[in-house]
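Chains as they are written, first to last, in my numbering: chain Z, 285 to 430; chain D, 394 to 883.
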């Protein structure tokens, strides 16, 4: 009985959240459609249609609640969060630090966090990936990330 | 010039050393993308797109196409050896393939997968060769209302891509449609959803969305679990027995027919069709009880069907400019980067280019057969690459891939945003393919609709006077209803 209540609550919470997001986006699209100054057949047609569809779908979420998602365990979730934060940091510093040092640091953290390698192997893998990608993208393809 | 004449010219071009080399590189990369479970054909093509940036259009598209059909070959390897499908299209292959491997017959299973892929893929290409030009010819004579009907038909795919929940699939599609509207309206030049910022004015780049939604998401899902070491089944003798081969001839032909013709329809992805083909084989077989316990036809059918589907999908792409699967949508935007608009005019304006690419696909299939038969043991060992090495590689390619299209860090940021969105969508069981298709189809739908309405001075009655447009829209509705009904039965 208790289990059923918990289940029902989790179901409702994610459904409510999805419904809310869809409804907000739908209203946003309708407002944007109203803002556009042309007749209904021009630029505002599709935003209005998409807005209406989003609102209908948002409402549909409220009628039929979805199944509960399978979230990873705490350790798994920490790994997912860590990888994403490190990735975002990597992208943020890339234009300032330069490709090779930023990439080397990025790979080092990832390999260390995900793999069960010795330090020597970790550094070997890091150097190999950083150098190889530098060679291909910067040296060979001539990409400049500034 | 007739079709065979054009094809001969295409072969002459495709056999030049440069084009051969890029068909080969694409085949190798495609097999790799197929073998490695962490990365699928869609994200594979998207993150490898910058590698083609310095190439002329023909070798670039040859390579990207080879990655796509190459992935269909590679997907079976891990499905058979370790029960992990490299691609969605090889999920069914695990049923009998892994059973065969457990019985010590991994070799014949891998061989029949490669042979069936080759036979069905090549026969599919013959279909492409003879179907696409007349279709493009017809398509040349249609106007915006008919084109609108076609895109409506393509949109009906969203229903079949929706997975268990229709509401969720449609929600994902609506989200994609909304993202597609961001930026300058190409017809009137009005700003939409830019909120006064300059960055949003040029819209959200399609490739960045794909990379986020597929590559970044796949890594985020992948790192959830610490993956342990994978043990490989021994290969055994490679070639199947003669009677086994003979038993599979009918299977391969049926798989080709099913795969190619369903592949013409938008939304029939290789993943879905391999299921249908397996089901048909089971029904046709005199000994259906063997299926699921190591029946060799159970490997030949899905692997053949997914390759025939891949070939078939190029028909609407080249002749109509309409992508049937997310991976083909990426290929479409790859073509557009080169200023090549796929569609009926492509055959008229760039015949040499189209036929070179088609010819290279025949050659690529031969290369893949060779790559996959004797070298299969090598690919199998790729599964052992630790995820700690794969993940940073995929992410570096993702960042650079998103950046390279417009040299913009905004696009990289968008890839990250869609990476998180994709992760949440996967967790909450929202399918991502509908979002991608809506993203690429919405601009087509919008311009066709508005051009049609303009033709009739704003009256929707124009569609009533166009029988072909009505036919397409009717087909779209019929397809939707059919999918909904078969969904209910399941």
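Glycine is no exception: its CB is placed at the ideal position from the N, C-alpha and C atoms.
Where residue i and residue j are concerned, what is the direct C-alpha to C-alpha distance, given to the nearest angstrom?
i	j	result
residue 416 of chain Z	residue 597 of chain D	30 Å
residue 285 of chain Z	residue 557 of chain D	Caution is warranted here: a pLDDT of 46 is assigned to residue 285 of chain Z, below 50, making its placement in the model unreliable, and the coordinate value is therefore given only provisionally. Rounded to whole angstroms, residue 285 of chain Z to residue 557 of chain D spans 27 Å at the Cα level.
residue 542 of chain D	residue 862 of chain D	5 Å
residue 297 of chain Z	residue 303 of chain Z	10 Å
residue 804 of chain D	residue 423 of chain Z	22 Å
residue 616 of chain D	residue 822 of chain D	18 Å
residue 896 of chain D	residue 426 of chain D	Residue 896 of chain D lies beyond the range of chain D shown here (394 to 883); nothing can be said about it.
residue 798 of chain D	residue 441 of chain D	11 Å
residue 414 of chain D	residue 521 of chain D	23 Å
residue 706 of chain D	residue 469 of chain D	20 Å
residue 594 of chain D	residue 835 of chain D	17 Å
residue 481 of chain D	residue 773 of chain D	18 Å
residue 462 of chain D	residue 657 of chain D	16 Å
residue 327 of chain Z	residue 317 of chain Z	8 Å
residue 346 of chain Z	residue 305 of chain Z	12 Å
residue 365 of chain Z	residue 431 of chain D	18 Å
residue 406 of chain D	residue 758 of chain D	17 Å
residue 715 of chain D	residue 796 of chain D	26 Å
residue 755 of chain D	residue 854 of chain D	46 Å
residue 644 of chain D	residue 637 of chain D	11 Å
residue 332 of chain Z	residue 507 of chain D	49 Å
residue 344 of chain Z	residue 561 of chain D	10 Å
residue 419 of chain Z	residue 492 of chain D	43 Å
Can you name the residues that DSSP bridges to residue i?
i	result
residue 577 of chain D	D:584
Nearest to residue i by CA position, among the options, is which residue?
i	options	result
residue 514 of chain D	D:797, D:465 and D:526	D:465
residue 407 of chain Z	Z:391, Z:317, Z:362 and Z:338	Z:391
residue 701 of chain D	D:670, D:592 and D:714	D:670
residue 666 of chain D	D:657, D:677, D:652 and D:676	D:652
residue 397 of chain D	D:613, D:526 and D:495	D:526
residue 439 of chain D	D:755, D:607 and D:768	D:607
residue 401 of chain D	D:870, D:752, D:809 and D:853	D:752
residue 394 of chain Z	D:613, D:518, D:656 and D:419	D:613
residue 686 of chain D	D:559, D:564, D:790 and D:497	D:497
residue 413 of chain Z	Z:430, Z:387 and Z:429	Z:387
residue 802 of chain D	Z:299, Z:384 and Z:378	Z:378
residue 762 of chain D	D:457, D:509, D:395 and D:405	D:509
residue 409 of chain Z	D:507, D:783, D:738 and D:860	D:783
residue 495 of chain D	D:484, D:766, D:476 and D:419	D:476
residue 837 of chain D	D:479, D:492 and D:545	D:545
residue 384 of chain Z	Z:427, Z:356, Z:319 and Z:335	Z:427
residue 467 of chain D	D:511, D:488 and D:399	D:511
residue 790 of chain D	Z:430, Z:375 and Z:321	Z:375
residue 399 of chain D	D:743, D:488 and D:841	D:743
How about residue i and residue j: are their beta carbons less than 9 Å apart?
i	j	result
residue 523 of chain D	residue 760 of chain D	no
residue 610 of chain D	residue 428 of chain D	no
residue 696 of chain D	residue 505 of chain D	yes
residue 776 of chain D	residue 471 of chain D	yes
residue 459 of chain D	residue 516 of chain D	no
residue 313 of chain Z	residue 588 of chain D	no
residue 575 of chain D	residue 641 of chain D	no
residue 360 of chain Z	residue 339 of chain Z	no
residue 389 of chain Z	residue 363 of chain Z	no
residue 717 of chain D	residue 648 of chain D	no
residue 450 of chain D	residue 746 of chain D	yes
residue 848 of chain D	residue 537 of chain D	yes
residue 371 of chain Z	residue 788 of chain D	yes
residue 833 of chain D	residue 726 of chain D	yes
residue 532 of chain D	residue 851 of chain D	no
residue 528 of chain D	residue 713 of chain D	yes
residue 815 of chain D	residue 605 of chain D	yes
residue 602 of chain D	residue 828 of chain D	yes
residue 793 of chain D	residue 551 of chain D	no
residue 781 of chain D	residue 368 of chain Z	no
residue 457 of chain D	residue 868 of chain D	no
Would you say the beta carbon of residue i comes nearer than 8 Å to a heavy atom of the ligand ZN?
i	result
residue 336 of chain Z	Here there are no bound small molecules, and the ligand ZN is not part of this structure.
### Task
Within the stretch 350-408 of chain Z, note down every full alpha helix (DSSP H) run reaching 4 residues or more, in order along the chain.
Entirely contained in the stretch 350-408 of chain Z, the alpha helix (DSSP H) runs reaching 4 residues are, in chain order, 358-381 and 383-398.
### Task
Would you mind listing the alpha helix (DSSP H) stretches within the stretch 476-538 of chain D that are 4+ residues and don't spill past its ends, in chain order?
Whole alpha helix (DSSP H) segments, 4+ residues: 486-495 and 499-533.
### Task
Run through the stretch 720-771 of chain D for me and flag every whole alpha helix (DSSP H) of 4 or more residues, listed as ranges in chain order.
Within the stretch 720-771 of chain D, the runs of alpha helix (DSSP H) that reach at least 4 residues and sit entirely inside it are, in chain order, 737-742 and 744-765.
### Secondary structure, alpha helix (DSSP H): runs of 4+ residues fully inside the stretch 602-679 of chain D
Listed in chain order, the complete alpha helix (DSSP H) runs (minimum 4 residues) inside the stretch 602-679 of chain D are 610-615, 635-657 and 663-677.
### Message
So within the stretch 807-878 of chain D, which uninterrupted alpha helix (DSSP H) runs reach at least 4 residues, ignoring any that extend past its ends?
### Response
Counting whole runs of 4 or more residues, the stretch 807-878 of chain D contains the alpha helix (DSSP H) stretches 826-848.
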